[in-house]
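Engineer: Going by the working numbering, the sequence shown opens with residue 819, and the numbers climb by one from there.
Don't be surprised by glycine CBs; every beta carbon is placed ideally from N, CA and C.
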Amino acid sequence: MSTITFKGNPINTIGSLPEVGREAQEFTMVAGDLSEKNLADYTGKRVVLNIFPVLIQEFVQLLQEKFNEEASTLDNTVVINVSRDLPFALSRFCAAEGLNNVETLSDFRGNFGEDYGVTLSDSPLKGLLSRAVVVLDEKAKSNLYRAEFRK
């Protein structure tokens, strides 16, 4: 369990973020067209997992725009926005905002949140994902960096 903050109050997540230098856990999430995507689909590229609870937060929307802008400048790197929002909502948001340099995947029916230690176990947002960024290397196995965003 990890302790983070929500509106200045401590809250907990199920598990812990992947440790730097460890193998990344395989995942299966859902794309906007309802196809399933796995971590193995990105082998050979660096992967930036931009994780957040829901899109309706202004801070999250600004962050999505920044990641989209930066993604266009990164060689051999895919930026994946991850939340438990429904795939349809994620796709509509990306289309409306012109976010075409990033991929968006939904964990609405998966274990990604628990496996990566980002599912909130208490607070009003219990069951959603906390904000975090996890960066993986080209083999999609080694965690290069992790950072948690708190507001």
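#1: For Val866, collect the residues of the same chain with a Cβ closer than 6 Å to its Cβ; drop the 5 residues on either side in sequence, then sort them by chain order.
#2: By Cβ distance below 6 Å, which residues in the same chain neighbour Ser834 in space, the five residues on each side in sequence not counted?
#3: Say whether the segment 937-953 touches the segment 905-918, bearing in mind that this needs 3 or more beta-carbon pairs closer than 8 Å, one atom from each stretch.
#4: Of the residues Glu837, Pro942, Ser909, Asn856, which one's Cα is nearest the Cα of Glu844?
#5: What do you reckon, are the CB atoms on Gly945 and Leu908 nearer than 9 Å?
#6: Taking the Cβ atom as the reference point for each residue, do Thr846 and Gly928 lie within a distance shorter than 9 Å?
Structural biologist: Taking the geometry as given:
#1: The sequence position of residue 866 within the sequence shown is 48, counting from 1. Annotation for Val866: Val897, Val953 place their beta carbon closer than 6 Å to its own, counting only its chain and skipping 5 residues before and after.
#2: Residue numbering aside, residue 834 sits at position 16 when the sequence shown is read from its first letter. Residues of the same chain with a CB within less than 6 Å of the CB of Ser834, apart from the 5 flanking positions on each side, are Ser820, Gly935 in chain order.
#3: Contact between the segment 937-953 and the segment 905-918 is absent, because fewer than three Cβ pairs lie under 8 Å.
#4: Looking up residue 844 in the sequence shown gives position 26. Taking only the C-alpha atoms, the option nearest Glu844 is Asn856.
#5: Residue 945 sits at position 127 when you count from the first residue of the sequence shown. Residue 908 sits at position 90 when you count from the first residue of the sequence shown. Not closer than 9 Å, so no.
#6: Along the sequence shown, one-based indexing puts residue 846 at 28. Along the sequence shown, one-based indexing puts residue 928 at 110. Contact flag set, yes.
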